[in-house]
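Quick note, the sequences are listed as chains R and E, same order.
Each residue of the first sequence is one higher than the one before, counting from 0 in numbering that gives the first Met the number 0.
Each residue of the second sequence is one higher than the one before, counting from 0 in numbering that gives the first Met the number 0.
Just so you know, even glycine gets a beta-carbon here, dropped at the ideal spot from N, CA and C.
Bear in mind that the values here come from a model prediction, so they are computed numbers and not experimental data.
Number of protein chains: 2
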Amino acid sequence: MIETKLGEFEEVILLLTGILGEEAYAFRIAEEFESQTGRSVSIGAVHSTLTRLEEKGFLKSEMGKSTAERGGRRKRIYTITAYGKKTLTAARDFKQALWNQFPGFAIRMDGIIGFTG
Amino acid sequence: MIETKLGEFEEVILLLTGILGEEAYAFRIAEEFESQTGRSVSIGAVHSTLTRLEEKGFLKSEMGKSTAERGGRRKRIYTITAYGKKTLTAARDFKQALWNQFPGFAIRMDGIIGFTG
DNA sequence: TTTATTTGTTCTACAATTTAAAATCAAATC
DNA sequence: GATTTGATTTTAAATTGTAGAACAAATAAA
Chain R
0 MIETKLGEFE
10 EVILLLTGIL
20 GEEAYAFRIA
30 EEFESQTGRS
40 VSIGAVHSTL
50 TRLEEKGFLK
60 SEMGKSTAER
70 GGRRKRIYTI
80 TAYGKKTLTA
90 ARDFKQALWN
100 QFPGFAIRMD
110 GIIGFTG
Chain E
0 MIETKLGEFE
10 EVILLLTGIL
20 GEEAYAFRIA
30 EEFESQTGRS
40 VSIGAVHSTL
50 TRLEEKGFLK
60 SEMGKSTAER
70 GGRRKRIYTI
80 TAYGKKTLTA
90 ARDFKQALWN
100 QFPGFAIRMD
110 GIIGFTG
């Protein structure tokens, strides 16, 4: 948190955008969301979230060139901004700090975290 | 995510409840939220979130005994359920898995995570 | 050259979560 | 009894999250 204002779904979409790199356009992100979470998501949900994330300055976007592939419309490619990365990192670190205070839970040095209660 | 349905604020409140143990009642949670995040929060926000979290089965609550201290009303003490812990852990692990796929970010073995890009 | 199909984005509307603020409550002390 | 302190509850509003339909453009097929 701290200066962060990032919802749960927003955080995941932002992360997915970073992961997908050049491939980060709404349709692809929605697919990736479904494959990673096993949950279905509507394309509209992803689009409106991307738009909000861009308005907040966490992402920027530009239209890609039309490819020679079957389907036609040009893709809007999203890129995570430095501010977006910073926000994402802050959110993660804040939660990690909380976990470290949770009795019965602890970070193990091999990077695997588990419940020990 | 996976089977999780936990908002950003909800997740933090749940974590704080686990951290506070016997001291986990709305007023105290709100104080802790402010001291840990540096952000102010309204007590109503915390209350409605706790109620929702209880409805979802992540928390349970009971009224504590009135203490001999100055201020009067009895506290409602919240306790995290096994299901709540499981959900919290799943949310954390899911995000960790995403971070591990984010090029330029990596978990370091000393438990400190940082941007390496 | 139409028409269908595929791959996408945009727009519109609604539901759920998050947030603030005010009202109420109860016990202890003055 | 009135006031102070520590707390919960209630009410309303803004922000996020979600679904679905409409629209767009390019290629394939008729």
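| Item | Value |
| --- | --- |
| Chain-ordered neighbours of residue 5/E on chain R, where CB pairs are closer than 9 angstroms | 7 |
| Bridge-paired residues (DSSP) for residue 78/E | 59/E |
| In DSSP terms, what residue 24/R is bridged to | 76/R |
| Distance between residue 28/R and residue 19/R (C-alpha atoms, nearest Å) | 8 angstroms |
| Residue-chain proximity (residue 14/R, chain E), Cβ-Cβ < 8 angstroms | yes |
| Partner residues on chain E for residue 10/R, Cβ-Cβ distance less than 8 angstroms | 7, 94 |
| Own chain, CB closer than 7 angstroms to residue 12/E, minus 5 neighbours either side, in chain order | 28, 45, 48, 49, 52 |
| Whole-number beta carbon distance between residue 43/R and residue 6/E, since they are thought to touch under 8 angstroms | With a Cβ gap of about 19 angstroms, residue 6/E and residue 43/R do not count as contacting. |
| Neighbour flag for residue 20/R against chain E, beta carbons, 8 angstroms | yes |
| Whole-angstrom distance between residue 41/E and residue 60/E, CA atom to CA atom | 20 angstroms |
| Supposed contact pair residue 21/R and residue 76/R - C-beta distance, whole angstroms, cut 8 angstroms | 7 angstroms |
| Proximity winner among 82/E, 74/E, 36/E, 32/E, relative to residue 56/E (alpha-carbon distances) | 82/E |
| Residue environment, residue 54/E, which counts as buried when at least 16 other CB atoms sit within 10 Å | exposed |
| Residue 101/R beta carbon less than 8 angstroms from that of residue 97/E | no |
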